Structure formats: C-alpha cells, structure tokens
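Reviewing the structure listed below.
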Amino acid sequence: MRIKKGVIIVGSLVLLTLLGIYMGFALHYQNTMLPHTTFAGVSIGGMDVQTAKKTIKKTALDREYKLDDKGKVVAQFTGHVVGSAQDVGTDLAQLKSAQNPWSWPAAMVGGQADAAATDSSTSLKLNQKKINSFVTTTVNKLNANRSQTTNASIAKKDGQFVVTKEVYGNNLDTGKVEKLVKKMVATGQTTGNLQNTYVQPTVKANSEKLQKDLSTLKQLSTVKGHYSISGDTVTIPESLIRSSIYYKDGEVSVNPSVFQNFLAELATKYNTIDKTRTFKTHSGSTVSIPAGTWGWSIQQSSEATELAATIKKGSDFTRHPLVSGSGQNYSGNEIPKTYIDYTGVGLHDSPWQPKYGGDWYKEHGSHGCVNTPPDVMAKLYNLIPAGTPVFIY
Numbered sequence: 001m002r003i004k005k006g007v008i009i010v011g012s013l014v015l016l017t018l019l020g021i022y023m024g025f026a027l028h029y030q031n032t033m034l035p036h037t038t039f040a041g042v043s044i045g046g047m048d049v050q051t052a053k054k055t056i057k058k059t060a061l062d063r064e065y066k067l068d069d070k071g072k073v074v075a076q077f078t079g080h081v082v083g084s085a086q087d088v089g090t091d092l093a094q095l096k097s098a099q100n101p102w103s104w105p106a107a108m109v110g111g112q113a114d115a116a117a118t119d120s121s122t123s124l125k126l127n128q129k130k131i132n133s134f135v136t137t138t139v140n141k142l143n144a145n146r147s148q149t150t151n152a153s154i155a156k157k158d159g160q161f162v163v164t165k166e167v168y169g170n171n172l173d174t175g176k177v178e179k180l181v182k183k184m185v186a187t188g189q190t191t192g193n194l195q196n197t198y199v200q201p202t203v204k205a206n207s208e209k210l211q212k213d214l215s216t217l218k219q220l221s222t223v224k225g226h227y228s229i230s231g232d233t234v235t236i237p238e239s240l241i242r243s244s245i246y247y248k249d250g251e252v253s254v255n256p257s258v259f260q261n262f263l264a265e266l267a268t269k270y271n272t273i274d275k276t277r278t279f280k281t282h283s284g285s286t287v288s289i290p291a292g293t294w295g296w297s298i299q300q301s302s303e304a305t306e307l308a309a310t311i312k313k314g315s316d317f318t319r320h321p322l323v324s325g326s327g328q329n330y331s332g333n334e335i336p337k338t339y340i341d342y343t344g345v346g347l348h349d350s351p352w353q354p355k356y357g358g359d360w361y362k363e364h365g366s367h368g369c370v371n372t373p374p375d376v377m378a379k380l381y382n383l384i385p386a387g388t389p390v391f392i393y
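Numbering (UniProt numbering), first residue to last: 1 to 393.
So, in structure tokens, the structure goes:
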C-alpha cells in the first residue's frame, strides 16, 4: 500500500511539475513569439515584437544576397541596396496576435513556417524606387553581352516567304529578376538562380497564327492585277506586287510606296489635264485646242493606297485608277459625243433689251454677242446637261 501510495504521490508531483512548466512557458509566450518563428529568414522565436523588429531590421539590411547564373555569381547586393526592412512592426504585431501561446509545445517540436514566405501581407517591405533602380541597372549591365531571345517570324528568302524559328537567348527579363529579388529578400534566401529569369520567346514556329500568316503571304504573292485606263488594259508587273508584300511585327502588310514610280509612269502616259486636244469641228475643220480646265489626272498617292488594299484582299483584280478632274472615261474617247464648240460668239440673255427682232439690233445690239430673251435662254440652257464640255477656239 505504501508503495502504491508513493507512486501516486510521485506521479502527481511529476504532473504538477509538467503542468507548471507548460503554464510557465504559455505565460512566457503571451508576450513573445513562439519557438522557431522566423520572419524573412530571420529567427525571432522567444522575442517580443520590439526586439524582433530591431533584429529583423539589422539582419535584413546587412544580409548579403547573390545572383547566380549557371554556377557563377554575376551580381551581389545587400538589404541596404533594395531598401528592405522598413517598418515591419505592424506585420509582427499581427503575426504575434495570430499565434496561440498555449500551442508552444507543438511549435517547439514541429517548427513554424516563415511568415514572410507564406503570407504576402507580412513580407518585408521594399523601397520600390531602390529595387527598380538596382534591378534595371543590373539587368542592363548583364544583358549587354548576352544573346538575345527572339520570336519566330516570317522572312523573305530568295523571293519566297519562310518561317524563321524562335531563338532562345540568355538575356534577362527585368520583371522576372525583380520578382526573384523580392522573393529572396522576403524569405531570407541568400542565393537566387537567374536561369529561371531568361526572356522566353512568345511566338514559336508552330504558332497557329504564324502558320496562317505564312499562308496569307504566299497567297498574296500569286495575286495578278490589271488597270483599265482609257480603253487600254495595263498589267501590273507580278514582281512589283510581290515586292510590295512584307511581314513586320506580326502583321501581313502591303507597302503602297512600292507603286509610286509605276503610277507616275501611267500618269505621264494617260493624264490629259495638261494636254492639247486635236479634233474636227462642226464645220469640218481640224483644230488644236491648248490645255484648259477639261482633263483628268491619276491621284497617285491615293491610288497607291487603294491598290495596296486591293492586293491585300488576295484575289486577282482589274480596277480603274482613282482620278481627279473631268472627261475621264473607260472607252478611251475623252471627247464625248455631246459637246459645244464655238469661236467666241456669245449667246446670253439680255433683260435690258425692250424688244427683239427686226432692225432693232442695228442700233441697240451688243458688239459680237447674240442678245436673247431671258425665257428663250432658259429653255436653251436646260437643253444642255451639266458637265457638257465647251471647246473654245
């Protein structure tokens, strides 16, 4: 009985001792961080918020970081450079309030996840201006001697359009490097691997759009075009059409400027705005009339743009060029069937004349013009359509 009673007493004392230890540590961790608590890679277990704040600030600012590329350190920096360890007091207070001091045994055995690594709201705050400056300067310096990543594209080789494959370089992506640096500082990771920050091609040779664009370019290269001008059919050289087609910045395009010389030659041959006309008059004589307001000319700049747009549609075509002026038609006969020709005698209304006919004109008529009653002139005017050419000789 005595032995049994002694065992009970000893057991009770052990339990009371363990309970006392548990209670004591629980009370201790009411004001301090749980064991194995880390923030941005800094161990702050057992520290109160203020002590933890000072420790993190000093450690984070003085900590040295390395950027590694294929086993070689290519850049280094400290927390001072990126402005880490700004006031984290609020984050630490939130971290402390989220901890359960009665769970200290579990924390002591199992440890705690790094607060800054698991919760972006409790990460070290960086000075964005400083980190931008460091990352931009570092990336520009390292990229100066690196091969550039390029997207797959389409190029013209030996007159044919072909896909050029993407190129994987080792130039660094500024955004990816910045993200890596922020993660390193936030987690206390002192070495970062730059191989994961290389610029990657965004367009590859097997891209569906690229293959579709290649098909379009090949189709445009077979387009045949003609002009119908003044009764003539003019063939646009196929080589000229092919030379106008190009691919840039992911877009199929046709260059209008390629057609300027060709259109200038057509204008020289077919424009009539400044040309002398020779034709047979109503009296049967043949006369030559100097250039006047009758005539037309090809609008070369506008036509080049329209021609490029027509080619881009991808079908064979025959078109009339854009022109300005008057008298243009597609038969080649510039002078229409209806026109007025006269040698200078005017025919106009004369409301000032009190009468007409007889010998009145001998004393009261105009010098060379035929005075006509207004009502008669109106009828005559309406017999002539607007736009009817008038040839004076």
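Positions of the beta carbon are idealized from the N, C-alpha and C atoms, including for glycine. Treat the numbers as computed from the prediction; the structure is a model and nothing was measured.
Inset, instruction - Have a look at the DSSP bridge pairing and note the partners of ILE289. - result: ARG277
Inset, instruction - Round the Cβ separation of SER243 and ILE311 to the nearest angstrom and send it over; I've been treating them as touching at under 8 angstroms. - result: SER243 to ILE311, Cβ: 11 angstroms. No contact.
Inset, instruction - Assign LEU356 to one of three DSSP states: helix, strand, or coil. - result: First, the residue type needs correcting, since residue 356 is Tyr and not Leu in the sequence shown. If DSSP states are grouped into helix, strand and coil, TYR356 belongs with coil.
Legend entry - Proximity to LEU240 [Cα-Cα], best of SER207, TYR247, SER315, ALA308: ALA308
Legend entry - Bridge partners - ASN193, DSSP secondary structure assignment: ASP68
Legend entry - Cβ neighbours of residue 394 in the same chain (closer than 7 angstroms, five flanking residues each side left out): Nothing about residue 394 can be read from this structure; the chain reaches only from 1 to 393.
Legend entry - 7 angstroms Cβ shell around THR202 - same chain, five flanking residues per side excluded: ASN151
Inset, instruction - State yes or no: is the C-beta of residue 394 within less than 8 angstroms of the C-beta of GLY89? - result: For residue 394 there is no data in the structure shown, the boundaries of the chain being 1 and 393.
Inset, instruction - Could you name the residues that DSSP lists as bridge partners for ALA75? - result: LEU67
Legend entry - Same chain, Cβ closer than 6 angstroms to PHE259, neighbours up to 5 away in sequence not counted: ALA304, LEU307
Legend entry - For LEU214, the nearest candidate out of GLN195, GLU251, VAL199, GLN200 (CA to CA): GLU251
Inset, instruction - Return yes when the Cβ of ASP173 is within less than 8 angstroms of the Cβ of THR197, no when it is not. - result: yes
Inset, instruction - Assign VAL167 to one of two classes, buried (16 or more other C-beta atoms within 10 Å of its C-beta) or exposed (fewer than that). - result: exposed
Inset, instruction - Could you check what DSSP says for ASP232 in three-state terms: helix, strand or coil? - result: strand
Inset, instruction - Would you give the residue range spanned by the beta strand (DSSP E) that ASP349 belongs to? - result: 347-349
Inset, instruction - Return the first residue and the last residue of the beta strand (DSSP E) that GLU251 is part of. - result: 251-254
Inset, instruction - Can you grab the Cα-Cα spacing for the pair PRO385 / LYS275, in whole Å? - result: 24 angstroms
Inset, instruction - Under the assumption that SER350 contacts ASN382 (Cβ atoms under 8 angstroms), give the Cβ distance between them as a whole number of angstroms. - result: So it is not a contact: roughly 18 angstroms between Cβ atoms.
Inset, instruction - Pull up the CB-CB distance for residue 398 and MET33, whole angstroms please, since I reckon it's below 8 angstroms. - result: Any answer about residue 398 is impossible in this case: the structure gives the chain only from 1 up to 393.
Inset, instruction - Classify GLY41 as helix, strand or coil using the three-state DSSP reduction. - result: coil
Legend entry - Residues near GLY346 in its chain [Cβ-Cβ closer than 6 angstroms; skip 5 each side]: CYS369
Inset, instruction - Keeping to the same chain, check which residues put their C-beta closer than 6 angstroms to that of VAL153; ignore five residues upstream and five downstream. - result: Val is not the amino acid found at residue 153; the sequence shown has Ser there. Once the five neighbours on either side are set aside, the close Cβ partners of SER153 are THR164.
Inset, instruction - Would you tell me roughly how many angstroms separate the C-alpha atoms of ASN140 and ASP158, rounded to the nearest one? - result: 37 angstroms
Legend entry - Selected residue, minimal CA-CA separation from PHE317, among GLN211, ALA107, LYS269, GLU238: GLU238
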